[in-house]
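> If you scroll down you'll find the structure; I have some questions about it.
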């Protein structure tokens, strides 16, 4: 499962199709996209997923190659060894004390 921002998806489809935002729900054949987006199941990601941002993670260190970025040192994380930015987060992180 992937979490998406349905409002941003709708805006992107509206822009790509050329329909205006108000008429999008009735713009044939794009009304089907609008219906799918509206009826898609949602979850409250803030309560379901606990992610720690790299900027406050105890496993991150400042990158020596990329400005304003971090390198992950967590051996259990799929991000290990990769360069990430401060607002990126994963479920394998732990907050610095």
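Numbering (our numbering), first residue to last: 1333 to 1429.
Even glycine gets a Cβ: it sits at the ideal position worked out from N, Cα and C.
#1: Less than 8 Å between the CB atoms is what I'm expecting for residue 1388 and residue 1414, so what's the real figure, rounded?
#2: Whose C-alpha, out of 1404, 1407 and 1368, is nearest the C-alpha of residue 1338?
#3: Name the two residues that bound the continuous alpha helix (DSSP H) containing residue 1392.
#4: Can you round the beta-carbon distance between residue 1384 and residue 1425 to whole angstroms, since I take them to be within the 8 Å contact cut?
#5: In angstroms, rounded to a whole number, what distance separates the CA positions of residue 1373 and residue 1336?
#6: Mind checking which residues open and close the alpha helix (DSSP H) that includes residue 1342?
Short version:
#1: 17 Å between Cβ atoms; not a contact.
#2: 1368
#3: Taken as a continuous stretch (DSSP letters only), residue 1392 belongs to no alpha helix (DSSP H), being part of the beta strand (DSSP E) at 1392 to 1394.
#4: 3 Å
#5: 11 Å
#6: 1338 to 1349
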